[in-house]
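Just below is one structure, and these are the notes that go with it.
Protein chains in written order, with our numbering: chain A, 1 to 250; chain B, 1001 to 1323.
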């Protein structure tokens, strides 16, 4: 079975945000770009499925400027077989633009499973997976935290408010992965060496009319300075008093 | 300007986030004009006319036997059809686990953009502008919608429900929609409730979170005791989730949940930047930490410097005595 893993290159979660001079984008200076953390679970799950079936191919796909090939190379080092780079130099395309480009690329592949992280930790949209599935006309479950394959049916769970939902899904299908689904592997030295010889195919994507317009990117208003109400257990009566009388939250 | 609201239901009951979304729809309608139409996907009419009290002017009922359980694929087709047939300019959903999964499907069916997990909407300039956090709240973006309808999911617990208008009812009309339930799709086979009965992190009024300062998973009992005394939900830092002390569902921060409760209590959490991102929009933040230099004190409204093993039990006792 051929599986596709869609990955995104994002700023590391330790990033301190600075807004660029245009007032609309993230200042890239000093920002370390990494594989989106939720995508690690997607890559890992695809590799596990391939290993359990003992056959098949895992294709990593990413949309973006030339730099995303670094991230694709990391995914190849984890164990993906080949990669497809959908080259789009426009900054921060909206989710539907990404989903359409991915759908166009994936339609030509006979993919039994398509994997994505549940959201990218830069825009936190959580949109591309369900959009992609809808464009492809495939079943989709987002935020899966367990996955079990029985023939051509997958049994999965996803977290919902106050509990979990169990679903049954006929393949081919699209899944987005939540933290906790698995423990992603690190690339081994052997994997890193092997990745150098694997293919990254580059395909140009045309920027279509955007579906959203970003007017501004702003930092949140700084929180007003707080105060230390005291030290040790002796501070508890004063803490309770301010929570009741000042903050009125107890 | 017609506004459409998706009615989120579970076990036949309307979920609270829907009242928040209807409240915001009603406020938008005051600027943009109405009507506010609610669209519910269900097997039958379970008192949907009462949504009038929460702000709906009319209700469309998409009836299907498959809707006995949540069905994202079917609901997406129905909501897209409701958007077309009402000529909606704005379609609103709650940014719950259900809404965040459903809205992108509707956006793809309609071929329009979606602003997800928004914390403010502004229509004062005659056009809709949505504000939403990115990078778990490290920054906010403001988005405009070049296409129609504008699709938006609203973060739970941020928008207030409208003051209920007792006795106001909304006319319930059937929605005609074509959906092939025989096409391959994901089918919900069951749901299980979390044990403990605490509200979900993203919907909790009070969150009590613990971090590495607790020294071991067994000491989370202190956090749970305080949470129980306060009627709060338990959260955790990434460090303790990655260490396997707590489940990922409890993680607050950039690779966990973003929360904005009225009270957030951080116990033994130093305040890594990715944690701060996930909780800095809480209304009131309390930090208990032995290190006076811990970054958490920079965002806390009230801090107690001290040994959490003394402070937390004392706080739990004090809160219990209040009741």
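In this text, a Cβ means the ideal position worked out from N, Cα and C, and glycines have one as well.
Supposed contact pair residue 1150 (chain B) and residue 1089 (chain B) - C-beta distance, whole angstroms, cut 8 Å
Residue numbering aside, residue 1089 (chain B) sits at position 89 when the second chain is read from its first letter. Residue numbering aside, residue 1150 (chain B) sits at position 150 when the second chain is read from its first letter. Contact holds; Cβ gap of about 7 Å.
Cβ atoms of residue 1233 (chain B) and residue 1199 (chain B): under 7 Å apart, would you say?
Position 199 of the second chain, counted from the start, is the residue given in the question as residue 1199 (chain B). Position 233 of the second chain, counted from the start, is the residue given in the question as residue 1233 (chain B). Contact: yes.
When the Cα atoms are used, what is the spatial distance from residue 1323 (chain B) to residue 31 (chain A)?
As a position in the second chain, residue 1323 (chain B) is number 323, starting the count at 1. As a position in the first chain, residue 31 (chain A) is number 31, starting the count at 1. In a straight line, the C-alpha of residue 1323 (chain B) is about 49 Å away from that of residue 31 (chain A).
Among A:146, A:93, A:99 and A:143, which residue has its Cα nearest to the Cα of residue 137 (chain A)?
For the purposes of this step, residue 137 (chain A) is taken as the residue at position 137 of the first chain. Comparing Cα positions, the closest option is A:99.
Please classify residue 1216 (chain B) as buried or exposed, where buried requires at least 16 other C-beta atoms within 10 Å of its C-beta.
Numbered from 1 along the second chain, position 216 holds the residue referred to as residue 1216 (chain B). That one is exposed.
From which residue to which residue does the alpha helix (DSSP H) around residue 98 (chain A) run?
For this step, residue 98 (chain A) is matched to residue 98 along the first chain. Element bounds for residue 98 (chain A): 95 to 107.
Residue 1024 (chain B) versus B:1080, B:1077, B:1094 and B:1213, residue with shortest Cα-Cα distance:
Here residue 1024 (chain B) refers to the residue found at position 24 when the second chain is read from its first residue. The shortest Cα separation from residue 1024 (chain B) among B:1080, B:1077, B:1094 and B:1213 belongs to B:1094.
Hey, how far is the Cα of residue 225 (chain A) from the Cα of residue 12 (chain A)?
For the purposes of this step, residue 225 (chain A) is taken as residue 225 along the first chain, with counting starting at 1. For the purposes of this step, residue 12 (chain A) is taken as residue 12 along the first chain, with counting starting at 1. So the two alpha carbons sit approximately 27 Å from each other.
Check for me: the alpha helix (DSSP H) holding residue 41 (chain A) runs from which residue to which?
Position 41 of the first chain, counting from 1, holds the residue named residue 41 (chain A). Its alpha helix (DSSP H) spans residues 37 to 53.
Would you identify the three-state DSSP class for residue 1269 (chain B), choosing helix, strand or coil?
As a working mapping, residue 1269 (chain B) is identified with position 269 in the second chain. Coil.
Leaving aside the five residues before and after residue 1130 (chain B) along the sequence, list all residues of the same chain whose C-beta is less than 6 Å from its C-beta, in chain order.
The residue labelled residue 1130 (chain B) in the question sits at position 130 within the second chain. Result list for residue 1130 (chain B): 1115, 1118, 1121, 1143 and 1152, in chain order.
Can you list, in chain order, the residues of its chain with a C-beta nearer than 6 Å to that of residue 171 (chain A)? Leave out the 5 residues immediately preceding and following it.
As a first step, residue 171 (chain A) is located in the first chain; it is residue number 171 there, counting from the start. These residues qualify, in order along the chain: 112 and 152.
Whose C-alpha, out of A:147, A:72, A:23 and A:194, is nearest the C-alpha of residue 1141 (chain B)?
Position 141 of the second chain, counted from the first residue, corresponds to residue 1141 (chain B). The residue with the shortest Cα to Cα distance from residue 1141 (chain B) is A:23.
Would residue 37 (chain A) be called buried (16 or more neighbouring beta carbons within 10 Å of its own) or exposed?
In the first chain, residue 37 (chain A) corresponds to position 37, counting from 1. So residue 37 (chain A) ends up on the buried side.
Give the C-beta separation of residue 1070 (chain B) and residue 1043 (chain B) to the nearest angstrom, bearing in mind that I take them to be a contact with Cβ-Cβ under 8 Å.
Locating residue 1070 (chain B) in the second chain gives position 70, counting from the first residue. Locating residue 1043 (chain B) in the second chain gives position 43, counting from the first residue. Incorrect: roughly 12 Å between the Cβ atoms, too far for contact.
Do residue 212 (chain A) and residue 94 (chain A) have their beta-carbon atoms positioned less than 7 Å apart in this structure?
What you label residue 94 (chain A) is simply residue 94 of the first chain in a count that begins at 1. What you label residue 212 (chain A) is simply residue 212 of the first chain in a count that begins at 1. Contact: yes.
For the stretch 1137 to 1148 of chain B, list every residue whose C-beta sits within 8 Å of some C-beta in chain A, in sequence order.
1137, 1138, 1139, 1140, 1141, 1142, 1143, 1144, 1145, 1146 and 1147
Taking the alpha-carbon positions, what's the residue 60 (chain A) to residue 1107 (chain B) distance?
Mapped onto the first chain, residue 60 (chain A) falls at position 60. Mapped onto the second chain, residue 1107 (chain B) falls at position 107. Each residue's alpha carbon lies about 25 Å from the other.
Does the CB of residue 162 (chain A) have a neighbour CB from chain B at under 7 Å?
For this step, residue 162 (chain A) is matched to residue 162 along the first chain. It does: the Cβ of residue 162 (chain A) has a partner Cβ on chain B nearer than 7 Å.
Taking the C-alpha atoms as reference points, what is the distance between residue 1034 (chain B) and residue 1052 (chain B)?
Numbered from its first residue, the second chain carries residue 1034 (chain B) at position 34. Numbered from its first residue, the second chain carries residue 1052 (chain B) at position 52. Taking the straight line from one Cα to the other gives about 14 Å.
Find the nearest neighbour of residue 1084 (chain B) within the set B:1017, B:1003 and B:1104, judged by alpha-carbon distance.
Working through the second chain from its first residue, we reach residue 1084 (chain B) at position 84. With distances taken between Cα atoms, residue 1084 (chain B) lies closest to B:1003.
Does the CB of residue 214 (chain A) have a neighbour CB from chain B at under 7 Å?
By 1-based counting over the first chain, the position of residue 214 (chain A) is 214. Interface residue, yes.
Check the C-beta distance from residue 101 (chain A) over to residue 63 (chain A) and give it rounded, since I have them as a contact under 8 Å.
Here residue 101 (chain A) refers to the residue found at position 101 of the first chain. Here residue 63 (chain A) refers to the residue found at position 63 of the first chain. The Cβ separation is near 5 Å, so the contact holds.
How about residue 1014 (chain B) and residue 1026 (chain B): do their beta carbons lie closer than 7 Å?
Locating residue 1014 (chain B) in the second chain gives position 14, where the first residue counts as 1. Locating residue 1026 (chain B) in the second chain gives position 26, where the first residue counts as 1. No, these two residues do not count as a Cβ contact at 7 Å.
What is the residue span of the beta strand (DSSP E) that residue 1150 (chain B) lies within?
Taking the second chain and counting its residues from 1, one reaches residue 1150 (chain B) at position 150. Counting along the chain, the beta strand (DSSP E) containing residue 1150 (chain B) begins and ends at 1150 to 1154.
Which of the three DSSP states is assigned to residue 1015 (chain B) in this structure?
The count along the second chain starts at 1 and reaches residue 1015 (chain B) at position 15. Looking at residue 1015 (chain B) - three-state DSSP - the assignment turns out to be coil, as it is neither helix nor strand.
So, does the CB of residue 1219 (chain B) fall closer than 7 Å to a CB anywhere in chain A?
Sequence index remark: in the second chain, residue 1219 (chain B) carries index 219 (1-based). It does not; no Cβ of chain A falls within 7 Å.
Anything in chain A within Cβ reach of residue 1109 (chain B), meaning under 7 Å, just list it in chain order.
Stepping through the second chain from its first residue, residue 1109 (chain B) is reached at position 109. By Cβ distance, chain A contributes 134.
To which residues of the same chain is residue 20 (chain A) closer than 7 Å at the C-beta, ignoring the five residues directly before and after it?
Position 20 of the first chain, counted from the start, is the residue given in the question as residue 20 (chain A). Excluding residues within five positions, the ones whose Cβ falls inside 7 Å are 26 and 27.
Could you check if residue 1279 (chain B) is buried or exposed, using at least 16 other CB atoms within 10 Å of its CB as the buried criterion?
Taking the first residue of the second chain as 1, we reach residue 1279 (chain B) at position 279. Label assigned to residue 1279 (chain B): buried.
Per-residue DSSP class, three states only, for residue 1085 (chain B)
Residue mapping note: residue 1085 (chain B) aligns to position 85 of the second chain, counting from 1. In the structure shown, residue 1085 (chain B) sits in a helix (DSSP, three-state: H, G or I).
Starting from the C-beta of residue 45 (chain A), find all residues in its chain whose C-beta is less than 7 Å away, skip the five residues before and the five after it, and write them out in chain order.
To locate residue 45 (chain A), count along the first chain from 1; it is residue 45. So the qualifying residues of the chain are 115, 147, 177, 181 and 182.
Taking the runs of the alpha helix (DSSP H) that are 4 residues or longer, which of them lie wholly in the stretch 1216 to 1302 of chain B?
1220 to 1230, 1238 to 1242, 1273 to 1279 and 1296 to 1299
Give a yes or no on whether the minimum CB-CB distance between residue 71 (chain A) and chain B is below 7 Å.
As a first step, residue 71 (chain A) is located in the first chain; it is residue number 71 there, counting from the start. Taking Cβ atoms only, chain B never reaches closer than 7 Å to residue 71 (chain A), which makes this a no.
Is the separation between the beta-carbon of residue 228 (chain A) and that of residue 1305 (chain B) shorter than 7 Å?
One-based indexing of the first chain puts residue 228 (chain A) at position 228. One-based indexing of the second chain puts residue 1305 (chain B) at position 305. Against a cut-off of 7 Å, the Cβ pair of residue 1305 (chain B) and residue 228 (chain A) comes out as a contact.
Could you pull out every residue in the same chain whose Cβ sits closer than 7 Å to the Cβ of residue 1066 (chain B), ignoring the five residues on either side in sequence?
Mapped onto the second chain, residue 1066 (chain B) falls at position 66. If we look at residue 1066 (chain B) and ignore the five residues flanking it on each side, its Cβ neighbours are 1074 and 1181.
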